[in-house]
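Residue 1 is where the sequence shown starts when you use full-length UniProt numbering, and the numbers rise one by one after that. Each residue gets a CB set at the ideal place from its N, CA and C atoms; glycine is no exception.
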Amino acid sequence: MACTQMNRSKNGATSVADLTDDLIIEILSLLPVKSVCRFKCVSRLWYSLISHPEHRKRLPQTISGFFYPKHRLNDEYDVITFPTFDGISRDQEQLFPDSSLPFLTAYRQIFPKDCCNGLIFCLCWKDSPIDEADYVVCNPATEEWVVLPDAGHKSDAIAYRLGFDGAMSLHFHVFQILEDDEDYGYISGVNIYSSETGAWSYKENGWGDNEIQIVEMRGVFFNGMMHLLTREFKILAVDTEGKTWRTISLLETMCDENIYLGHLAFIGQSQGRLYYINMRDNDSSKLSVWILEDYNGNEWIFKYNISTSQLFGELFGEKDVTLQRDYADLLLQRDYALIAIHPECNLIFFVWRCEDVLLSYDMDRGKARVICSLKEHSYHTFPPYLPYVPSFSRIGKPRVEA
């Protein structure tokens, strides 16, 4: 049935009302995400058409919420961990009636570790033998998954990072970051898994510096390369084949570190550019936002200042002077954590430990909003909050040699 009834103008030209729902969705699938979102506001009929579960599979998607680990007791009163999901709007909250990834069977615990453009990288502990685990990459929207083969180097692995861009390829890559034998956390090399070949490929450190350590935060897969923030105030990048290695320097004013909390910064990508957000040196009440305007030329542009007292005060009591001082003392990575930047606009997401809430902040308008209460309290360190963008692409399987 068409979205609206048939209608023709006097000169006989076909109007939008003449188009079937299927043809309208086909046209909308060619538009950017932001345009599709605007069309949802045309009318209730258009909203229903675009929001229909079957139609959404064919339309461009944007961030819908966050996966993160949630602890609970099983029947034997043992603490177990499975993913949970918080949507950023009411209709997106309904994406997963059961967000624990129940299609991943034969596992007694599932720890979500990383997420990239609709795919999730998990550590899954088996029902039997209980001391064995698999690394799994899955697509919650299609309920497909791939169990990764043994990579070796397990004792030397500092971190794992997932890279996937469905617009470029159906195949994903997992980057296993390895440390040297001295056990100082210095990067010795990178082991890269390709879902196309179904195998790991080891590459020695190609950054020209053997004494670099990465910061414990998610990487950014951008321009076909994995980007990692280091404790030496640099951003490292390597491509999916381990052939191109790049170091992106930061400006001196972009560097700030806490002796207890480490590097107080965040990297992300939005609107085709790399973003860097850091706490101001000697002023914990200010966050600075930088954009890598010229990716090839290392040209950083200062974009915004964010006042934490203004941000939190707007939501939780800006008229109280005492509270304003308290908000100004909030510390990045201790009291709150930046977890994502919207891929289509200047909107950042963060969690506040004290109130256990997920928040968003519009950097253009200077407006903050409480999205929802979190299902799990973070006590010592923040768990990984993984931004999820639905992808209905099939996971690329390893090719079979003839």
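- Taking C-beta separations shorter than 6 Å and ignoring five residues to either side along the sequence, the partners of Thr-240 in its chain run His-173, following chain order.
- According to the DSSP assignment, Glu-143 belongs to no alpha helix (DSSP H), since it is labelled neither H nor E.
- In the same chain as His-342, and ignoring 5 residues on each side of it, the C-beta atoms closer than 7 Å to its own belong to Ile-63, Ser-270, in chain order.
- Per DSSP, the beta bridge partners of His-71 are Thr-81.
- Phe-103 and Glu-143 have their C-alpha atoms some 6 Å from each other.
- Shown here for Ala-141: same chain residues with a beta carbon closer than 7 Å to its own, the five before and five after excluded, namely Gly-118, Pro-390, Ser-391, Phe-392 in chain order.
- Contact check for Trp-300 and Met-254: beta-carbon distance about 7 Å, within the 8 Å limit, so the pair qualifies.
- A direct Cα-to-Cα measurement between Leu-251 and Ile-214 gives close to 18 Å.
- When C-alpha distances from Gly-313 are compared across Pro-383, Ala-368, Ile-248, the shortest belongs to Ala-368.
- When DSSP states are grouped into helix, strand and coil, Arg-108 belongs to the strand group.
- Shortest Cα-Cα distance from Lys-203 to any of Glu-211, Ile-192, His-52, Ile-212 involves Ile-192.
- Only exposed fits His-71, as fewer than 16 other CB atoms lie within 10 angstroms of its CB.
- Under DSSP, Asn-191 shares a beta bridge with Gln-176, Tyr-202.
- The C-beta of Cys-115 has 16 or more other C-beta atoms within 10 Å across all chains shown, which makes the residue buried.
- A straight line joining the alpha-carbon of Lys-375 with that of Tyr-68 spans about 9 Å.
- With respect to the C-alpha of Tyr-276, the residue from Ile-212, His-377, Leu-45, Lys-234 having the closest C-alpha is Lys-234.
- For Gly-163, the secondary structure class from DSSP, reduced to helix, strand or coil, is strand.
- Trp-125 sits in a strand when the DSSP states are folded into three classes.
- For Leu-292, the enclosing beta strand (DSSP E) has its first and last residue at 283-294.
- The Cβ-Cβ distance between Cys-138 and Ile-120 falls below 8 Å.
- Residue pairing by DSSP places Glu-299 opposite Asp-294 in a beta bridge.
- Going by DSSP, Asp-22 is part of the alpha helix (DSSP H) stretching over 21-28.
- In the three-state reduction of the DSSP assignment, Ser-48 falls in the helix class.
- Remark: C-beta atoms of Ala-106 and Asp-127 approach each other more closely than 8 Å.
- Taking C-beta atoms as the reference points, Thr-81 and Gln-109 count as a pair closer than 8 Å.
- Ile-24 counts as buried, since at least 16 other C-beta atoms from the protein chains shown sit within 10 angstroms of its C-beta.
- Counting every other CB atom within 10 Å of its CB across the protein chains shown gives Asp-98 a total below 16, marking it as exposed.
- Counting along the chain, the unbroken beta strand (DSSP E) around Leu-236 starts and ends at 234-239.
- Straight across, the Cα-Cα distance linking Pro-149 with Phe-39 is about 44 Å.
- Apart from the 5 residues on each side of it in sequence, Thr-244 has no Cβ closer than 6 Å to any other Cβ in its chain.
- Ranked by Cα distance from Leu-347, the options Val-370, Tyr-47, Gln-333 are led by Val-370.
- Straight across, the Cα-Cα distance linking Leu-287 with Leu-264 is about 10 Å.
- Under DSSP, Phe-222 shares a beta bridge with Met-225.
- In the same chain as Phe-221, and ignoring 5 residues on each side of it, the C-beta atoms closer than 6 Å to its own belong to Cys-116, Gly-163, in chain order.
- By the 16-neighbour rule on beta-carbons within 10 angstroms, Tyr-77 is exposed.
- Per DSSP, Phe-96 lies in no beta strand (DSSP E) and is assigned neither H nor E.
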